[in-house]
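J.:
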Amino acid sequence: MKFGVLQFPGSCDEVDALLAARRVGEAELIWHGERDLRGADAIVVPGGFSYGDYLRAGAIARFAPAMEAVIEFAESGGLVLGICNGFQVLCEARLLPGALLPNANLRFTFRQVELEVARPDTSFTSACARAAGTADETPVRLSIPAKHSWGRYHAEERTLDELEERGQVLLRYAPGQNFNGSLRDIAGVCNARGNVFGLMPHPEHAVDALTGSTDGLRIFESMRLTVEGAHV
Amino acid sequence: MSERPATADAPAGTEGEAEPPPTLADALTLGLTGAEYELICAKQGGPPNQVELAMYSLLWSEHCAYKHSKKLLRTLPTEGPHVVMGPGENAGAVDVGGGLVCAFKVESHNHPSAVEPFQGAATGVGGILRDIFAIGARPIAVLDSLRFGEPSGTRSRYLLDGAVAGIGHYGNSIGVPTVGGEVYFEAPYEQNCLVNAMALGLCPRERLVRSAAAGVGNLLVLFGASTGRDGIGGASVLASAELGDDEDKRPTVQVGDPFEEKKLLECSLELLQRGLVVALQDLGAAGLTSSAAEMASKGGVGIDIDVAKVPLREPDLEPFEVMVSESQERMLCVVTPRDLEQVLDLCEKWEVGGAAIGTVTETGRLHVYDGERLVGDMPVSALVDDCPLYDLAPAKPSEPIYPPPAATLAMDATPLQALLALLASPNIASRRPLFEQYDAIVQSRTVRRPEQADAAVLALPDSSALAVSIDCNGRRVAADPYRGTIEAALECAANLACVGAEPLGTTNNLNFGNPEKPHIAWQLTEAVRGLGEACRALEAPIVGGNVSLYNEGAAGPIYPTPVVGMVGRLPDAARAGRLGFAREGNAIALVGWDPQRGAPSLAASELAKLRGEPLPDGLPPFDVQRVIATQEAVRAAVRVGELSSAHDIAEGGLAVALAECCLANGLGARVELDALTRAPSADALGDDTPAGADRPNPSLPLPILFAEYPGRFLLSGPRAALEALAPQTSVEIVGVVTGAALEIALAGETLVATLAELAEAHRALAALFP
Amino acid sequence: MRARVLIRPKAGILDPQGEAVQRALPALGFTGVENVHIGRLVELDVADAGQLEEMCEKLLANPLVEDYEIQLPGS
Amino acid sequence: MRARVLIRPKAGILDPQGEAVQRALPALGFTGVENVHIGRLVELDVADAGQLEEMCEKLLANPLVEDYEIQLPGS
Ligand SMILES: Nc1ncnc2c1ncn2[C@@H]1O[C@H](COP(=O)(O)OP(=O)(O)O)[C@@H](O)[C@H]1O
Ligand SMILES: [Mg+2]
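These protein sequences, in sequence, are chains A, B, C and D.
Numbering-wise (our numbering), the first sequence opens with residue 41 and increments by one.
Numbering-wise (our numbering), the second sequence opens with residue -5 and increments by one.
Numbering-wise (our numbering), the third sequence opens with residue 8 and increments by one.
Numbering-wise (our numbering), the fourth sequence opens with residue 8 and increments by one.
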């Protein structure tokens, strides 16, 4: 399977995402000015400060030609993962509900955070599930770094209720870990169809024991399973 | 092409509509001395015009010409087996194996940060990053070295807050991790904060590029941001005079744009990768003036520049303003006429401005045109090489320069109280509230983040790793500039040893007061002597650095602060050491403790500071070779991979180091230190409170717990692995990793502090970042 | 024509910046200040003021979380 | 009384945000837009409007890099 990783002027974590994706499949960078997604099976909109994050994080990047292609790709059911700034871009592009606002602590914050997998049965989280037959009912936890200044997830109460009812909240900050003030501790949400997912923490920075944890790899692994399952 | 312009040639004032020509008085205002002005007139064959005087005044400033430090800098060791590029280029570089070199340098942005801490610190990071990619290396890490007055002062807190946010803003946005740094709070920095930033970069050895302009007829391309009035009369002039209270003199603040720099960085590296540039140079202090003159000087050529071709942000800049503007995020390169189109196309791809603004000539002169009009004409050698260098007149002060610090801890505090006060001291408390504002992991290379180990560790492609540390305890340098500076270098090397790295090279930033004063000249001379000796002994030559002088105001000079940054290498990234105790039941060893050394001294220690003791006149001597041998033993042991932790003993001494080892992973320790009192000179052990002071007789010998001196480490691991160090250095097994408290038994008493108590104290800085 | 757009957080959305300012004021000796809100100010020269509304909807503001107000000279 | 403070980058000071927005607009089909500057908008209830100036100098604006304009109802 092949990942396409978008690259905007001001992307910072695109190479990290590329390297992470290459641990489970092929991966290639796609320049923001291109409309051709080069046959990618899944798209990663990476972290960083696209267009310097000026105005609002992600506001300008969403209009890049490559994003038009990504919107079409998503509408046709393709898997799209937005990480950090990528999550912001997907919200700005209305591929995901809600918005990301400045952290409640008003500072850029880098912290290893504990996440709870609220839905271990989706296209983006299936590899997080506990082995079948395990008695443990508590949510699976992932240790993944987060680093951002605009990470406070916000949506209207009604929208939040809907998201929860429909199982679109895939990741939550574990108790005590929600430093940015996200409503209902939401760390990652997907769209109604389940093929577009955005999260603030950085799974691509948790793919190697040498540099921290390997928990983030499971997100990429889940996407591979989904794509390859679909191909079977 | 170049007839002499009327303005430069004729006696001042003969050209009809020109503004009145500058005079000696103007030269003095710009910071030149009368004698320097005379010399400029002689070099020019007459009084310089406005453009020329502006350019001379910058290039002949302390900041650019190193008038008071160059002679000293020449005494530093700059060569060694790993050195690929020494001082003189935008950054130095060392070979790190696998065909790669590591470029690195530290630079100060002290005065701009004192004016506007956020932008000052941000543009400081921007500037040092440009120095790294100017030699062709991709920046891979930033470290910061900060000094402020005591955080009880609102202004110090404002400066701290702004500087940290500014560093984070720039580094985070451009995608370079900030992996380490240091911060100290001391009263002498109240009026003059220090903001130094160090950056590292990586590049294939053959892609290193120099800044010497070459090839007569080649073109000069200015690319990046457009030019505005930023910092006119800024850093260069500012950095050469004491910062008074005169708020009106504040120059236009330079604003940094990391997004622009990100594009500039990618554009520069792609230009190099495609072989399109002959020479590359960043624009820093003194802007175009300095870059063009340096490039011409290094290449032994002349340069013609047309300021009318420089893309401007504001329409009405005068030629001299264009030449001295310090607008950020700009680079200058030399390209062949054939490649010009490709170069400009690449600029367009990366959405950065680019314009051919000049040519390389054989004249050896710098000609500044405004369209057709020649508005400045100077010999390059006069601009760059002929500024007079001054001899210092060092004299050791007979009186103490610095008042004693304000006491915050009673003399009769118990050892437990002292330990908690030290952990909560702004100089020792956890730096987490600062470094959490920095992205330490972007680029996926960071093997050790802040507080995981004594040095930051960055993986290299071949499974080895770089390690880097930056350090300087200004209070100890103030007590003894020579030994204090050696200690700073040894401390860096100790940090590297703790992760298993051996030093490859060193950079430094000499932050001092006014060198024209004999006692500052003495501090500077002694510090450079110590730095040179230490780097020779460590075989870690100086490959670059920076000097920031005149850091003083009405309240006196800063502590002398020769910030040392050191880069090392370890063969196996996976075995990089960690600082915290990691396994219940591990033995704890004190390594490098010297029983022959006599009484450990509390002089100039953090405890002495808290107790308000005056700085001593001199630090106790130590054996540099012995310290280095201990470092080698620790390094070797860490590399074997059997140790659980390695931490060097620094500020706060042994007890604080123990607490830090416990706090890292929340593991307690039981320690017994009586062995340390059995030394031959044990009778000399005792409180070294100055005679006459109130002697409270604490039951535990405070010096054993809290004295500071180089060469000691705390290791944990299997007992056998620790004892294996014994042939190379002294090893004292002092305890075991266990429980949820730190218990230290000494002289019949036991100090007990729960981990919760220690952690609470250690969190003290959090209050500064509500 | 010089236009001005005022963009403010929608009512009911937490405005930590506004709160931080409000908390900081008393310490500086300013009393009787309430209801502080912080938003964005965009000023620009436009040839066609009719485009401003769309510009706000599409780019300058995020209508999900922000309200905007367009001010034109003489209005 | 509800007061409004407009805070904008000082003339001549680099305004990277404004530049980024200006560069983005043409691609979205908005033409003829120039001189885009982005600043901050502070709105607050004050008991004593006489304090506003000092509030701006001390806290709301950074006078080194920003200009501010105080607007009061009816002014
Ligand atoms: N303290 C120092 N030790 C060694 N080299 C130094 C020191 N200070 C400055 N240098 C060297 O002098 C040269 C000029 O420095 P600087 O003016 O800061 O360069 P730049 O303008 O590129 O920042 C550089 O090569 C720098 O490494
Ligand atoms: Mg340089």
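Positions of the beta carbon are idealized from the N, C-alpha and C atoms, including for glycine.
In this text, all values refer to a predicted model and were calculated from it rather than measured experimentally.
1. Would you mind stating whether GLU50 (chain D) and ILE77 (chain D) have Cβ atoms separated by less than 8 Å?
2. Comparing alpha-carbon positions, which option in B:TYR432, B:VAL88, B:GLU308, B:GLU101 lies nearest THR555 (chain B)?
3. Which residues, taken in chain order from the region 39 to 54 of chain D, show a beta carbon closer than 8 Å to some beta carbon of chain B?
4. Does GLY114 (chain B) come within less than 8 Å of chain D when only Cβ atoms are used?
5. Which residue wins for smallest C-alpha separation from GLY64 (chain A), given the options A:THR251, A:GLU244, A:ALA249?
6. Would you mind listing the alpha helix (DSSP H) stretches within the region 77 to 158 of chain A that are 4+ residues and don't spill past its ends, in chain order?
7. Using a Cβ-Cβ cut-off of 6 Å (strictly less than) and excluding sequence neighbours within five positions of THR402 (chain B), which residues of its own chain qualify?
8. Would a check of beta-carbon distances place HIS72 (chain A) closer than 8 Å to chain B?
9. What are the residues of the region 198 to 226 of chain A that lie near chain C, defined by any Cβ-Cβ distance shorter than 8 Å?
10. Would you mind reading off the limits of the alpha helix (DSSP H) that contains ASN84 (chain B)?
11. With contact counted as at least three CB pairs below 8 Å, one residue from each stretch, are the region 132 to 148 of chain A and the region 250 to 270 of chain A in contact?
12. How many Å lie between GLY175 (chain B) and VAL158 (chain B) at the Cα?
13. Check each candidate in A:GLU66, A:ILE226, A:ALA186, A:PRO179 and name the one with the smallest Cα separation from LEU200 (chain A).
14. Excluding the 5 residues flanking ASP81 (chain A) on each side, which residues of the same chain have their C-beta closer than 6 Å to its C-beta?
15. May I ask you to report which of helix, strand or coil DSSP gives PRO106 (chain B)?
16. By the DSSP assignment, the alpha helix (DSSP H) with PHE429 (chain B) in it spans what residues?
17. Cβ atoms of THR221 (chain B) and LEU306 (chain B): under 8 Å apart, would you say?
18. Can you tell me where the alpha helix (DSSP H) holding VAL28 (chain C) begins and where it ends?
19. Spatial neighbours of GLY250 (chain B) within its chain, please: C-beta separation below 7 Å, excluding the five flanking residues on both sides.
20. Taking 8 Å as the threshold, find out whether the region 452 to 461 of chain B comes into contact with the region 21 to 29 of chain C through three or more Cβ pairs.
21. Could you give the first and the last residue of the continuous beta strand (DSSP E) run that contains ARG324 (chain B)?
22. Using a Cβ distance threshold of 8 Å, determine whether the region 248 to 264 of chain B contacts the region 293 to 311 of chain B, with at least three qualifying pairs required.
23. Mind pulling the chain C residues with CB within less than 8 Å of ALA31 (chain D)?
24. Using a Cβ-Cβ distance cut-off of 8 Å, determine whether LEU119 (chain A) contacts chain C.
25. Please decide whether ILE435 (chain B) counts as near chain A, where near means a Cβ-Cβ distance under 8 Å.
26. Is there a C-beta anywhere in chain D that falls below 8 Å from the one on PHE103 (chain A)?
27. Which residues of chain A have a Cβ atom closer than 8 Å to the Cβ of PRO16 (chain D), listed in chain order?
28. Here's the rule I'm using: 16 or more other beta-carbon atoms within 10 Å means buried, otherwise exposed. How should ASN42 (chain D) be labelled?
29. Rounded to whole angstroms, what's the CA-CA distance from PHE700 (chain B) to MET405 (chain B)? Just pull it up for me.
30. Using only CA atoms, which one of B:ARG563, B:SER419, B:VAL378 lies nearest to SER458 (chain B)?
31. Rank A:TYR94, A:GLY50, A:LEU130, A:PHE219 by C-alpha distance to the C-alpha of VAL84 (chain A) and give the top, closest one.
32. Applying the 10 Å Cβ sphere with the 16-neighbour rule, what's the burial state of TYR152 (chain B)?
33. Sort B:LYS343, B:LEU484, B:LYS37 by Cα distance to GLN619 (chain B) and report the nearest one.
34. Count the other C-beta atoms from every protein chain shown that fall within 10 angstroms of the C-beta of SER291 (chain B), then say buried if there are 16 or more, exposed otherwise.
35. Which term fits GLN336 (chain B), buried or exposed, when burial requires 16 or more other beta carbons within 10 angstroms of its beta carbon?
36. Taking 6 Å as the limit between beta carbons, can you name the residues of its chain near GLN208 (chain A), skipping five residues before and five after?
T.: With the given structure in hand:
1. For the purposes of this step, residue 50 (chain D) is taken as residue 43 along the fourth sequence, with counting starting at 1. For the purposes of this step, residue 77 (chain D) is taken as residue 70 along the fourth sequence, with counting starting at 1. No, the Cβ-Cβ distance between GLU50 (chain D) and ILE77 (chain D) is not below 8 Å.
2. Taking the first residue of the second sequence as 1, we reach residue 555 (chain B) at position 561. Nearest of B:TYR432, B:VAL88, B:GLU308, B:GLU101 to THR555 (chain B), Cα basis: B:GLU101.
3. If the cut-off is 8 Å between Cβ atoms, the region 39 to 54 of chain D has nothing near chain B.
4. Counting from one through the second sequence, the residue named residue 114 (chain B) turns up at place 120. So no, GLY114 (chain B) is outside the interface.
5. Within the first sequence, the letter at position 24 stands for residue 64 (chain A). Residue 64 (chain A) is actually Val in this sequence, not Gly. VAL64 (chain A) has its Cα closest to that of A:GLU244, out of A:THR251, A:GLU244, A:ALA249.
6. With a minimum length of 4 residues, the continuous alpha helix (DSSP H) runs that stay inside the region 77 to 158 of chain A are 105 to 115, 125 to 132.
7. Counting from one through the second sequence, the residue named residue 402 (chain B) turns up at place 408. These residues qualify, in order along the chain: LEU604.
8. Along the first sequence, read from residue 1 onward, the residue named residue 72 (chain A) stands at position 32. So, not an interface residue.
9. GLY221
10. By 1-based counting over the second sequence, the position of residue 84 (chain B) is 90. Careful: ASN84 (chain B) lies outside any alpha helix (DSSP H) and carries neither H nor E.
11. Segments in contact, no.
12. Counting from one through the second sequence, the residue named residue 175 (chain B) turns up at place 181. Counting from one through the second sequence, the residue named residue 158 (chain B) turns up at place 164. Distance between the alpha carbons of GLY175 (chain B) and VAL158 (chain B) is about 11 Å.
13. The count along the first sequence starts at 1 and reaches residue 200 (chain A) at position 160. Ranking the options by Cα distance to LEU200 (chain A), first place goes to A:ILE226.
14. In the first sequence, the residue the question calls residue 81 (chain A) occupies position 41. Closer than 6 Å at Cβ, skipping near neighbours: MET41, LYS42, VAL267.
15. The residue labelled residue 106 (chain B) in the question sits at position 112 within the second sequence. Here PRO106 (chain B) sits in helix by DSSP.
16. As a first step, residue 429 (chain B) is located in the second sequence; it is residue number 435 there, counting from the start. Run containing PHE429 (chain B): 426 to 429, per the alpha helix (DSSP H) assignment.
17. The residue given as residue 306 (chain B) occupies position 312 in the second sequence. The residue given as residue 221 (chain B) occupies position 227 in the second sequence. Contact: yes.
18. Mapped onto the third sequence, residue 28 (chain C) falls at position 21. Its alpha helix (DSSP H) spans residues 23 to 34.
19. As a first step, residue 250 (chain B) must be located in the second sequence, where it is residue number 256. Excluding residues within five positions, the ones whose Cβ falls inside 7 Å are GLN113, ALA116, THR117, GLY120, TYR164, GLN322.
20. no
21. Indexing the second sequence from 1 puts residue 324 (chain B) at position 330. Element bounds for ARG324 (chain B): 324 to 329.
22. Contact fails: fewer than three Cβ-Cβ distances are below 8 Å.
23. What you label residue 31 (chain D) is simply residue 24 of the fourth sequence in a count that begins at 1. Correct list: LEU66.
24. Residue 119 (chain A) sits at position 79 when you count from the first residue of the first sequence. With 8 Å as the cut-off, LEU119 (chain A) does not count as an interface residue toward chain C.
25. Within the second sequence, numbered from 1, the residue matching residue 435 (chain B) stands at position 441. Closer than 8 Å to some Cβ of chain A, the Cβ of ILE435 (chain B) qualifies, so yes.
26. To locate residue 103 (chain A), count along the first sequence from 1; it is residue 63. So yes, PHE103 (chain A) belongs to the interface.
27. Residue 16 (chain D) sits at position 9 when you count from the first residue of the fourth sequence. Chain A residues near PRO16 (chain D): none, gap ~12 Å exceeds 8 Å.
28. Mapped onto the fourth sequence, residue 42 (chain D) falls at position 35. Classification for ASN42 (chain D): exposed.
29. What you label residue 700 (chain B) is simply residue 706 of the second sequence in a count that begins at 1. What you label residue 405 (chain B) is simply residue 411 of the second sequence in a count that begins at 1. C-alpha separation (whole angstroms): 14 Å.
30. Translated into the one-based positions of the second sequence, residue 458 (chain B) becomes position 464. If we check each option's Cα against that of SER458 (chain B), B:ARG563 comes out closest.
31. Taking the first residue of the first sequence as 1, we reach residue 84 (chain A) at position 44. Of A:TYR94, A:GLY50, A:LEU130, A:PHE219, the residue nearest in Cα terms is A:LEU130.
32. Here residue 152 (chain B) corresponds to residue number 158 of the second sequence, with the count starting at 1. With fewer than 16 Cβ atoms within 10 Å of its Cβ, TYR152 (chain B) is classed as exposed.
33. Residue mapping note: residue 619 (chain B) aligns to position 625 of the second sequence, counting from 1. The option with the nearest alpha carbon to GLN619 (chain B) is B:LEU484.
34. Taking the first residue of the second sequence as 1, we reach residue 291 (chain B) at position 297. A residue is called buried when at least 16 other Cβ atoms come within 10 angstroms of its Cβ; SER291 (chain B) meets this threshold and is buried.
35. For the purposes of this step, residue 336 (chain B) is identified with residue 342 of the second sequence, where counting begins at 1. By the Cβ-count criterion, GLN336 (chain B) is exposed, with fewer than 16 other Cβ atoms from all chains shown falling within 10 Å of its own Cβ.
36. Taking the first residue of the first sequence as 1, we reach residue 208 (chain A) at position 168. Contacts found: VAL229, CYS230.
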